[in-house]
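Here's the structure we're looking at; comments come further down.
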Amino acid sequence: MACAWLAAARPGVACTYAHVVSSPVGNGPRKRSAVSGEDVRADLVRRILEGAWQPGERLPSCRKIAADLGSNTNTVNRELQRMAAEGIVRSEPRRGTYVTGSSTLAVVGSELRVHVDELTRRASGIGVSRDELVGLIDDAYDRVRRPVIAFAECNSVDLARMTELIANATGVETRPVLMDDLASADEGAAFDLIATPLFHIGEVLDIVKDDDRVVELSFVASSRTLREIATLSSERTVTAMSPTASGAERTAGLVRTVFRGRVEQRVHTPGTPTRFEDVDVLVYVNALEATASELARPTKAICIDWQLNGTSAEQFRNRVLALSS
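With the sequence shown counted from 1, adding 4 to any position gets you the numbering used here.
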């Protein structure tokens, strides 16, 4: 993997670098001078993109990284400073260097532009026209197999909403699939990766039975929803309602994090009679599938609006980038 990455980053240098850093200790001292700053940077960026270091995680010391890569501490420190200036990492005095995860796509784009510039210069130098070069790139795209990624949810409303959130937050297009449909052997086998909300991870793993192909996404209640609940009078009673006992408990727990008054929880199976008239404030999720007339009966009804956690979005994007590479 390192050789392939660096072959793209620096033609003619990568395999020499990979040979140096992977040589067994018994073969003699490493040739530190063979590892340039660009080689170090390429390896550090690759590890971040592949998820070896997650957003918010502290990187090893410069000395440890230099020893791993066969470089020297000054070179590693210089490249980390460059990456800090680009927003890939942040350095805190006397505490260390941490992954931010905020600019990984920008870095990938920057790296690609360097390769495209080099490719264009080479093509022009040997007389390849612009149209011919574009045609070669189109052919290469056609030969690349792109991973097929699904997003699984239990209800159609949240499925559509969350699929849109994923695309907006990560740039990754996923195929929306209801969890009931995912149970089909043919449907589940069609995907290279299956994403699902963290609170459904156990159910999806029961269906797919393949830890390597299932990735969880952390969806959290929006600040607007939490503010609406938090500003309720403490004299009111909130009923957290869901079609399952675990869902009702989870919703009630979320309410209790911001609400000072009494919280009840209730299970409502869609299509069956239930008491809505005695509910003061109803807090629910779309999986409840309550009708408009039912939702009009409580004094107030609040539907939880989900947002994709930023760190989770970055981890998912890095996972897809690594899968694509």
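The beta carbon of each residue, even a glycine, is placed where N, CA and C say it ideally should be.
Item, Value
"As assigned by DSSP and simplified to three states, the class of Arg34", "In this predicted model, Arg34 has a pLDDT of only 44, less than 50, meaning its place in the structure is not dependable; the value taken from the coordinates is given anyway. Looking at Arg34 - three-state DSSP - the assignment turns out to be coil, as it is neither helix nor strand."
"Residue closest to Leu323, alpha-carbon to alpha-carbon, out of Phe280, Met166, Ala300 and Val218", "The sequence given here has Arg at residue 323, not Leu. That would be Val218, whose Cα lies nearest to the Cα of Arg323."
"Nearest to Val287 (by Cα), restricted to the options Thr315, Phe263 and Val181", "Phe263"
"Burial state of Leu116 (16 or more Cβ within 10 Å)", "exposed"
"Sufficient close CB pairs (3 or more, under 8 Å) joining the segment 153-165 to the segment 200-209", "yes"
"DSSP-derived helix/strand/coil call for Tyr21", "With a pLDDT of 33 at Tyr21, under the threshold of 50, the modelled position of that residue is not reliable, and the figure given next carries that caveat. Tyr21: helix per DSSP, three-state reduction."
"Proximity of Arg150 and Ser316 at Cβ, strictly below 8 Å", "no"
"3 or more residues per run - each beta strand (DSSP E) lying fully within the segment 144-224", "153-157, 179-182, 197-201 and 218-221"
"For Gln58, the first and last residue of its enclosing beta strand (DSSP E)", "Element bounds for Gln58: n/a, residue is neither H nor E."
"Cβ shell of Thr255 (< 8 Å), same chain only, five flanking positions each side left out", "Ala244, Met245, Ser246, Gln269, Val287, Tyr288, Val289 and Ile308"
"Limits of the unbroken beta strand (DSSP E) element including Glu96", "Val93 to Glu96"
"Straight-line gap, Asp196 to Arg62 (C-alpha atoms, nearest Å)", "30 Å"
"Simplified DSSP state of Ala300, which is helix, strand or coil", "coil"
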